Each structure stands twice: as structure tokens, then as C-alpha cells.
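Under this note's numbering, the letters of the sequence shown match residues 1495 to 1776, in that order.
Glycine included, C-beta positions come from ideal geometry on N, C-alpha and C.
Quantities reported herein were computed from a predicted structural model and do not represent experimental measurements.
Some notes on the structure that comes next.
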Amino acid sequence: MTDPFPTPHVSVAVRMFMLAAAVFVASAGASLFFLSEATHLYFAWTIKPPVTASFLGGGYLAVTTALVFALREQDWARVRVGVSVVATGLVFILAATLLHLDKFHLRNAVWSAGFWAWSWLFLYIVLVPGLAIALWAQRRRKVALTPPQSLLPAWMRVTLRLLGMLMLLLGALLFAVPGTAEQLWPWPLTPLTARMVGSFYLAFGVSLLAAARENDYARIYVASCAYVAFAVLQAITLVRYQPVDWLGLSGQLLAGVLLTLLVLGTAGVYGYRATRSVKGQA
1495 MTDPFPTPHV SVAVRMFMLA AAVFVASAGA SLFFLSEATH LYFAWTIKPP VTASFLGGGY
1555 LAVTTALVFA LREQDWARVR VGVSVVATGL VFILAATLLH LDKFHLRNAV WSAGFWAWSW
1615 LFLYIVLVPG LAIALWAQRR RKVALTPPQS LLPAWMRVTL RLLGMLMLLL GALLFAVPGT
1675 AEQLWPWPLT PLTARMVGSF YLAFGVSLLA AARENDYARI YVASCAYVAF AVLQAITLVR
1735 YQPVDWLGLS GQLLAGVLLT LLVLGTAGVY GYRATRSVKG QA
């Protein structure tokens, strides 16, 4: 008997893109997170204060988490929320790069800094159209998606939407009007780093809304792992540098975002594993 809902496998093009992106973002994340105070030597541009470099590194390592878990999946429905994080981040980070190209180490005498800058520019210029091609190839696979099997509870869908809209708003303000970082962010950001932080907020905001729309534990598992990783890594950054006045509005906003992401991510991971366990016993 023919399966009425054949599995829409991830295309080779999407898998190749995710593999290439995983290598790049893992490298960027490791350099920023572990060498936060040496970006003048080991990154594409100099980032000050170091807490900003560590924060961005945590973002890249969280995206790496999404890509690694996505590469283990075969079903496109279980991958596309994670891909939405990567796609949104790629586009906005490339835009921020082009807006502030003079800040990059493209003419730096230190070979490692110059290598990072040119690699960064080349890879972002290549990865954005590469993603478009990969998504086009995936879209050509016109296969019906399996209906949701394990629906999310109402509180989780509502919270995903609310946090998604908040992160989109904050991300849009930081990207479009970097000067708002003085009020919205608990430590100083330059126009370039404000746009980079805003890009990550926009990426996670899009993925949160996509996760609410998917309404299925299996489909949001990849993104849930990234949410947990992002929250935990940023908590490590904040403990490491202690830059935040938690009594101020900007500190409370950041704390609220990270705590809610951790709760949603943990609920998503636990819910997925619980439903798998129940199905395994059935």
C-alpha cells in the first residue's frame, strides 16, 4: 500500500549547504567564544568589549548546534525551523558586513586577522546565494508533509509567539537604529556589533514564530536544542564578564529573553523525547 504521506527527505543541496555552514559557523563561534579578548588577531574585525565577542560566539555555537542536529535528520519538516535561524542570520549579517566593510581586517598586516576577514567576506557572499539555490532545490520536491503527530501545549505556542515577536522587535531596532542599543542593551555596542546582535535576535525571532506555526515537538526539536545552547552559552558569557546591571530595563530584557528561551528549549527537547518514549512503548 502506498504511504499517503511519503517522507519529504532533505535534498542533497540543503544537506551540503548545512555541512558547509556548520564548519564555518563552528569556527567563528569557537574563535569568538574562546578567544574573545584576541579578536584583533583571530577574527574578521576587532570587537570591544570582549563580552560582545563572547556573546556573538555563543550565538554562532548555538547555530552550530542547530546545524549538527539538523544534519542527523532525514525529514525536511524536522529541519526547516532550524534552517530558518541560519537563513535569517545569514542575510542580515551579510548586510551588516557590507554596511561596515571599513571595520574589517581586509588590509590588516597580521596575516591571521586578514585571513579571517577575507574568509568571512567570501563565505558570506557565497553562502547566501548557496542557501537560495539549496532551498529552491528543496522546494522542487513536491511531497506532502506528514501531519503533526505530537502537538505543543497552548502555553508553549503562545510563549513562542510572544518571545518571537519581542526578539523580532528588539532585533529590528538594533539593526535599523543601532543607537537604540544605549537603551536596549546592558553594555556598550558599536553600530556594527549592534547590527550583529540584532541579526541574531531577528534569526531567533523568526525561528520562534516558525516553531509556533509548526506546532509539533518533532518539528521543533532541532530549534529547541539551539535555544538551550544559546541560553546556556550566554549565561556563561554573563558569568564570565559580569557586565550587566540586572536592575536596569536592558538587563531585565536580556534576562527575560534568555530565561524564556531556556524554558522553551528545555520543554521542546523534553517533550520530543517523552513522545518518542511513549511511541516506542506503544
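With a cut-off of 8 Å on Cβ pairs, the stretch 1656–1671 is in contact with the stretch 1747–1755, counting three or more such pairs.
Distance from Arg1689 to Leu1748 at the Cβ level is roughly 17 Å; contact not present, criterion being Cβ atoms closer than 8 Å. In this structure, DSSP gives Trp1649 a helical state, which the three-state scheme calls helix. Counting only runs of 4+ residues, the alpha helix (DSSP H) found wholly inside the stretch 1513–1588 occupies 1533–1536, 1544–1565, in chain order. In this structure, Gln1643 and Asp1710 form a Cβ contact; the two beta carbons are roughly 6 Å apart against a cut-off of 8 Å. When the beta-carbon positions are compared, Thr1591 and Leu1683 stay at least 8 Å from each other. Judged by DSSP secondary structure, Val1722 falls within the alpha helix (DSSP H) whose first and last residues are 1711–1735.
The way I'd put it, the stretch 1512–1527 doesn't touch the stretch 1703–1721; fewer than three beta-carbon pairs between them come closer than 8 Å. Rounded to the nearest whole angstrom, the C-alpha separation of Val1504 and Glu1567 is 8 Å. Put simply, the stretch 1536–1552 touches the stretch 1593–1610. At least three CB pairs are less than 8 Å apart. Boundaries cannot be given for Arg1635, as no alpha helix (DSSP H) includes it and DSSP labels it neither H nor E. Judged by their CB atoms, Val1700 and Gly1576 are not nearer to each other than the 8 Å cut-off. For Phe1598, the beta-bridge partners assigned by DSSP are Trp1539. According to the DSSP assignment, Thr1687 belongs to the alpha helix (DSSP H) that extends over 1685–1708. Burial is judged here by how many other beta carbons sit within 10 angstroms of a residue's own beta carbon; Ile1627 has fewer than 16 and is exposed.
Straight-line spacing of the CA atoms in Arg1601 and Met1650 works out to 48 Å. Excluding its 5 nearest sequence neighbours in each direction, Tyr1735 has C-beta neighbours in its own chain below 6 Å: Val1545, listed in chain order.
If you check the CB distance, Ala1603 and Arg1713 do not come in under 8 Å. Burial state of Pro1641 is exposed, judged by a 10 Å Cβ sphere holding fewer than 16 other Cβ atoms.
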